[in-house]
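Sequence order for the protein chains is A and B. Quick note on numbering: this note's numbering labels position 217 of the first sequence as 226, and the sequence is numbered without any gaps. Quick note on numbering: this note's numbering labels position 521 of the second sequence as 550, and the sequence is numbered without any gaps. Heads up: the structure comes next, in structure tokens.
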Amino acid sequence: MTTTHKVSIWRGGAEGDYAHYDVPARESQTVLDVVTYVQRHLDPTLTYRFACRVGMCGSCAMTVNGVPRWTCRTHVSKVTGGGELKIGPLANMPVIKDLACDMTEFFEKWQKAQSRFIPTKTRKNPMEPIKPDTPARVAANAGIECINCGVCYAACDTVRWNADYLGPAALNRAWTLANDERDGGWADRLKAVSDHGGCHSCRSHQSCEAHCPNQLNPAASIAGLKRLSTSAYLKGELK
Amino acid sequence: MERIETDILILGSGGAGLFAALHAKDARPDLSVTIATKGLLGKCGCTRMVQGGYNVALNPGDSIERHFMDTIVGGKWLPHQGMAWTLCETAVERIHELENEVGCFFDRNPDGSMHGKAFAGQTFDRTVHKGDLTGIEIIGRLLEQVWARDVAKLEEHRAIGLIPAADGGGISGVLFIDIRTGAFRFVAAKAVLMATGGGPTMYRYHTPSGDKSMDGLAMALRAGLTLRDMEMVQFHPTGLLAGPDTRMTGTVLEEGLRGAGGYLLNGEGERFMASQEEKAERATRDIVSRSIYREMQEGRTTPNGGVHIAMSHLGADDVRVRFKGMVERCADCGFDLAGGLVEVVPTAHYLMGGLVCETDTSTAMPGLYVAGEDAGGAHGSNRLGGNGVANSTVFGGIAGDVMADYAAGRSAPAEPDETVLADEMARAQAPFTQPADDLHALRDELQDVMWDGVGVIRTPDGMQQATSQLDDLAGKLNQTGLADMDLRFNLTWHDWLNVQSLIETSQVITRTALQRKDSRGAHFREDFPDAGVPEESRFTTAQLDSGELVISDEPVEFSHVRPGETLLKDDIAAAE
């Protein structure tokens, strides 16, 4: 085992460069720990973002040796292969400083996709009985545990080429709502996800599925939306 | 310094803060509502990290009275009974709101009704959940609703001071550092909610989100407000122990591992719980934490100084299926939970203490409200698993309603006390007037002092020593400067401010722990191991007066039920 890792980390905003550091190797050490070591001991001005440390908040995603990952749950040994560690900000988002990106557009597209629950009942009504094994419930459940980390968005070629594309996370959420019998917003959402930049822009490269740290499959969700959208069009429900 | 204005200002974007924003905006759409948060909206803080679930009496066989009695008995008769009642009663409406209006996706029984799971210390299986990632579901859905509304967002804004009105008549607003630019910003508001979420990260091993550093309670102290129950720090028995210099250390391995029959083994490979306790590893959090701590004190430890958790005797393949999330997280970090041994250690999890408030979330400072982990009283000496997220969402919603009424009745925010504003700015800039030194060594020292002196098992000598060590640390911090540097998104500056908040609140924890001369719930003293007489229960209070901490205690008011009595009709009938 090497005693130090050769690490290069992006410094700057849109313009900048990689700076090089030697970080002592530990048996238990994540990529986030490496970044933390640099900030605490080598360069106090290094900026990065993290919160929960356990893969629940989706704040610490970075590009590690060319691949977008959650850094709090990426052991160094998994990515170095004994070689160097190159850490940059996520792609497809503006860099605020060093490793911290501006996620505003990512969340705005979520709204643009109308990917939020529209109630049909109030707190005064009883809860809807929903059997857990119905096909719709199973489909919604398969996509629900998204932590909005932005990894799929950073991995997506279509996002890179098409600035209007809503992206895998927002569309995946729309698909879970399409399968939520309590929701009352489907007509508007169908228009939003069928429009320019919606599900039909996806080229099925499946990078989202390959990189999602929670093993969700946004590509399959988007395929589901395409089916619903095409069928609505053929029925004359969409123009 | 930039100055902006809003009608309602909310500090924090966990369950309490987001619910307050929704309720305030829905109650009075004409009022401007601003949420300020230390990280990104809904992505920092601890509601998001809730694994277990949400306690609520939904089943016909359960009742609000039963949930309430479990909360009071679990809190060892110390809870503020009005708050505990409001928590249990309003949780029923709140869960309907989460399901029907916010759109949360909770696990169902085969017949389609809401699934309630069993959780320690409760007499009914009432913990509603989404798998073991309940917090992500609640915050994810709340976020979508808040984004859709006209709520202003100040993300990556750190609150550094509650600014009273110049005329002394209440609050005028809050001073912030805009973390991204490093600039100060004063937000004037008619009503302010403190919902920054406690977070006892001053211990060597801790579970809360890394951004949490008790800033809210430190601000409340400096504003002269009274805190209660501050000695009550809940330790979770099984935090991951991965060695030094890793943020993995301290993070929770779930309770269910012990519940399912997992073994705890000391450094000599001995199942120490089995010889000490009838329930062995299945004993409550406080008992297991103390047993592990004793093994550590006796030196019977694993390589990194803790004990092992072993699951393989239950069948590694079964463990992999049953505890998928935990097994995967351990594997990502290099540990084999299903088939091997994983080192664990007790870890500081939740602060039961907090700011004194009324059941409508108002505080002694007019215009200032508090909800969630920052508020003291609802849990007494011990919080039941599943009552944390119920507490934050219940009282966050109440705060939103109450603040809307309060703000609607006022024409403008009060004029700020400019002296306090200037003092708070100077305090935050103090490190730039000192020579640069090793801040991180200081934080490590603080975490050792609290772990050793005011931890799982407390002794008078240990606490006395901690008191003076903390005074020394406060002095050292004031001499520990930061290099003159770029203030934009400067995490090290914020680390300095975090350590200051933590030292200030650690002093309160230590002094109130000395004040309490019994052992209750989360607080255990070797010199006073008995719980005392429940009828004579008192809660501790702490207030900063002219720079001096004043520690006292007050009798618990048994407004709903007295020790020895119950509100459960069946039990009353049985007794008669």
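Every residue, glycine too, gets a C-beta built ideally from N, C-alpha and C.
Less than 9 Å divides the Cβ of B/K67 from the Cβ of B/R187. Contact annotation: the segment 71–90 of chain A touches the segment 33–49 of chain A, with at least three C-beta pairs closer than 8 Å.
Our two residues, B/M432 and B/A220, have alpha carbons roughly 6 Å apart in a direct line. Annotated three-state conformation of B/F134 is coil, per DSSP. I105, K106, A109, M112, F116: these are the residues of the segment 102–118 of chain A whose beta carbon lies less than 7 Å from some beta carbon of chain B, given in chain order.
B/P445 is bridged by DSSP to B/A194. Scanning its chain for C-beta atoms nearer than 8 Å, with the 5 sequence neighbours on each side dropped, one finds around B/M394 the residues L191, P193, G199, I200, A252, L254, in chain order. Here the alpha carbon of B/L384 sits roughly 36 Å from the alpha carbon of A/I127. Taking a cut-off of 8 Å for Cβ pairs, the segment 261–269 of chain B and the segment 371–386 of chain B touch, as three or more such pairs fall below it. Residues of chain B with a Cβ closer than 7 Å to the Cβ of A/E218 do not exist, since the nearest Cβ in that chain sits about 17 Å away. Within the model, the alpha-carbon separation for B/N527 versus A/T12 is close to 31 Å.
B/S581 sits exposed, since fewer than 16 C-beta atoms from the chains shown fall within 10 Å of its C-beta.
Against B/K146, chain A offers no close residue; the least beta-carbon distance is about 14 Å (beta-carbon pairs closer than 9 Å).
Contact between the segment 162–172 of chain A and the segment 228–246 of chain A is absent: fewer than 3 CB-CB pairs across the two stretches fall below 8 Å. If the five residues before and after B/N295 are omitted, its C-beta is found closer than 6 Å to the C-beta atoms of F301, E324, R329, V336, all from its own chain and listed in chain order.
In this structure the segment 346–353 of chain B does not lie against the segment 229–240 of chain B, because fewer than three pairs of beta carbons, one per stretch, are closer than 8 Å.
Here A/K235 carries a helix assignment [DSSP, helix/strand/coil]. In terms of Cβ geometry, B/I338 and B/L282 form a close pair [threshold 9 Å].
Per DSSP, reduced to three states, the secondary structure at A/R49 is helical.
One finds nothing in chain B with a Cβ atom closer than 7 Å to the Cβ of A/D197; even the nearest lies about 12 Å away.
Collapsing the DSSP output to three states places A/F59 in coil. With respect to chain B, the C-beta atom of A/P227 has no partner C-beta closer than 9 Å. When the five nearest sequence neighbours on each side are left out, the beta carbons in the same chain lying within less than 7 Å of the beta carbon of B/I165 are those of R77, in order along the chain. Residue contact check for A/S86 against chain B: a CB pair falls below 9 Å.
Residue-level contact check: B/Q174 touches chain A, since one or more beta carbons of chain A fall below 9 Å from its beta carbon. Close partners of B/M514 in chain A (Cβ separation under 8 Å): P53, T54. In this structure A/K106 is in contact with A/T56, their Cβ atoms being roughly 4 Å apart against a cut-off of 8 Å. In this chain, A/P138 is not harboured by any beta strand (DSSP E), its DSSP state being neither H nor E. DSSP places A/C110 within a strand segment (E or B) once states are collapsed to three. B/N84 sits in a strand when the DSSP states are folded into three classes. Shown here for B/I33: same chain residues with a beta carbon closer than 6 Å to its own, the five before and five after excluded, namely V216 in chain order.
DSSP places B/D207 within a strand segment (E or B) once states are collapsed to three. Within the same chain, Cβ atoms closer than 8 Å to the Cβ of B/F352 are found at E283, G285, L286, A289, M340, L366, A367, the five residues on either side in sequence being excluded. Note that the C-beta distance between B/F134 and A/N223 is not below 9 Å. In the DSSP secondary-structure assignment, B/M143 is bridged to B/R137. Residue environment analysis places B/V562 among the exposed positions, since fewer than 16 neighbouring C-beta atoms fall within 10 angstroms of its C-beta.
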